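Colleague: One line per chain: the protein sequences are A and B, in this order.
5 is the number of the first residue of the first sequence in the working numbering; add one for each residue after it.
5 is the number of the first residue of the second sequence in the working numbering; add one for each residue after it.
Don't be surprised by glycine CBs; every beta carbon is placed ideally from N, CA and C.
As the structure is a computational prediction, the values presented were derived from the model and not from experiment.
Number of protein chains: 2
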Amino acid sequence: MHIGDLAAAAGVTIKAVRYYESQGLLKPRREPNGYRTYSAEDVVVVREVKALLSLGLTAEQTYPFIECLRAGNDRADVCPASLTAYRTRIAEVDRWIAELTELRAKLADLLTDAENWRTKV
Amino acid sequence: MHIGDLAAAAGVTIKAVRYYESQGLLKPRREPNGYRTYSAEDVVVVREVKALLSLGLTAEQTYPFIECLRAGNDRADVCPASLTAYRTRIAEVDRWIAELTELRAKLADLLTDAENWRTKV
DNA sequence: CTTGACCTTGACCCTGGGGGCAGGGTTTAG
DNA sequence: CTAAACCCTGCCCCCAGGGTCAAGGTCAAG
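1) Note down the Cα distance separating residue 32 of chain A from residue 40 of chain A, rounded to an integer number of angstroms.
2) Give the residues of chain A in contact with residue 110 of chain B, contact being defined as C-beta atoms less than 9 Å apart.
3) Determine the DSSP secondary structure at residue 17 of chain A, reduced to helix, strand or coil.
4) Hey, is residue 106 of chain A close to the ligand ATP, as in C-beta under 7 Å from one of its heavy atoms?
5) Please classify residue 43 of chain A as buried or exposed, where buried requires at least 16 neighbouring CB atoms within 10 angstroms.
6) Classify residue 86 of chain A: buried if its beta carbon has 16 or more other beta carbons within 10 angstroms, exposed otherwise.
7) Kindly list, in the order they appear in chain B, the residues whose Cβ is closer than 8 Å to that of residue 49 of chain A.
8) Within its chain, find whatever has a CB closer than 8 Å to the CB of residue 27 of chain B; leave out the 5 residues flanking it on each side and keep chain order.
9) Give me whichever residues DSSP pairs with residue 40 of chain A in a beta bridge.
10) Kindly indicate the opening and closing residues of the alpha helix (DSSP H) around residue 96 of chain A.
11) Please classify residue 78 of chain A as buried or exposed, where buried requires at least 16 other C-beta atoms within 10 Å of its C-beta.
12) For the structure I just gave you, are there three or more beta carbon pairs, one from the stretch 12 to 24 of chain B and one from the stretch 43 to 55 of chain B, closer than 8 Å?
13) Using 8 Å for Cβ pairs, my map puts residue 59 of chain A next to residue 110 of chain B. What's the rounded Cβ distance?
14) Measure the C-alpha to C-alpha separation of residue 88 of chain A and residue 101 of chain A and round it to an integer number of angstroms.
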């Protein structure tokens, strides 16, 4: 299959597929005319990458999952490295939420302050 | 004062000062040799921009605050436009927190799932 | 006068995950 | 034969600057 077929089958854009390749996540063969050729397995890989990116992982962080798939597993997240990646990401998200919560409080304080200052004057 | 003095006084890098200028937040005069010259007021502006950026506003969103300062106010956030900007930003942060919370739950589910699958097999 | 230290200038490439466009080659259907 | 649909590479854009470069200005000491 060509890049357009893969993109359609996996639900991403052609641009995204080429980007994944530039990040080393795909290594398609080339036809004599230069067109990229993909296998059915690549569809699974692209779907997985898409799902992981939507969870906020970076392209680089999807590596262990793809390796897990390539190693012959049905699921990308059953390898120890994948579990570690999940836990790392959860910790990141928790830190983010904590920071944003703090930020929210700061903003609310500033707003209250500014409002009070206005009514005072 | 020159750009280095301004940067030191406001606690930012020279690079940041030039970036603020490129975003239209500063308009320094130039000496005959091309050096930028800043006033004491600019220190206040840069400090304000720095503070607002650290609250997650974009450079563009700091515009109303700077205008408020330039209009002669002691505080940048006492103008109506500033209050609106605060409220907008708070709403953004709230949306972010909600999304991240949802994401966190998804990740936790996936992790649990993957762990259970492993013990099952 | 010259050296060195320190300051400034503009200009270039980099970040992440692609979007958008240009300009061209290829393939397939009518 | 031609048009549509597909593919290729390559360049610029986002955001808030960071890093580095090559050049030139300024001021003091020697």
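Modeller: Taking the coordinates as given:
1) Here residue 32 of chain A is taken as the residue at index 28 of the first sequence, counted from 1. Here residue 40 of chain A is taken as the residue at index 36 of the first sequence, counted from 1. Between the alpha carbons of residue 32 of chain A and residue 40 of chain A lies a gap of roughly 6 Å.
2) The residue you call residue 110 of chain B lines up with position 106 of the second sequence. Neighbours of residue 110 of chain B in chain A, taken as residues whose beta carbon is under 9 Å from its own, are 59 in chain order.
3) Numbered from 1 along the first sequence, position 13 holds the residue referred to as residue 17 of chain A. DSSP places residue 17 of chain A in coil when its eight states are reduced to three.
4) The ligand ATP is not part of this structure, which contains no ligands at all.
5) What you label residue 43 of chain A is simply residue 39 of the first sequence in a count that begins at 1. Counting Cβ neighbours within 10 Å, residue 43 of chain A comes out exposed, since fewer than 16 surround it.
6) If you number the first sequence from 1, residue 86 of chain A lands on position 82. Flag for residue 86 of chain A reads buried.
7) Locating residue 49 of chain A in the first sequence gives position 45, where the first residue counts as 1. Per Cβ cutoff of 8 Å: no residues; residue 49 of chain A is ~18 Å from chain B at best.
8) For the purposes of this step, residue 27 of chain B is identified with residue 23 of the second sequence, where counting begins at 1. Closer than 8 Å at Cβ, skipping near neighbours: 63 and 64.
9) Locating residue 40 of chain A in the first sequence gives position 36, where the first residue counts as 1. By DSSP's assignment, residue 40 of chain A forms a beta bridge with A:34.
10) The sequence position of residue 96 of chain A within the first sequence is 92, counting from 1. 84 to 124 is the extent of the alpha helix (DSSP H) around residue 96 of chain A.
11) As a first step, residue 78 of chain A must be located in the first sequence, where it is residue number 74. Residue 78 of chain A is exposed by the Cβ-count criterion.
12) Output reads yes: the stretch 43 to 55 of chain B touches the stretch 12 to 24 of chain B.
13) In the first sequence, the residue the question calls residue 59 of chain A occupies position 55. In the second sequence, the residue the question calls residue 110 of chain B occupies position 106. The distance from the Cβ of residue 59 of chain A to that of residue 110 of chain B is about 7 Å, consistent with a contact at the 8 Å cut-off.
14) Your numbering for residue 88 of chain A matches position 84 in the first sequence. Your numbering for residue 101 of chain A matches position 97 in the first sequence. For residue 88 of chain A and residue 101 of chain A, the distance between alpha carbons rounds to 20 Å.
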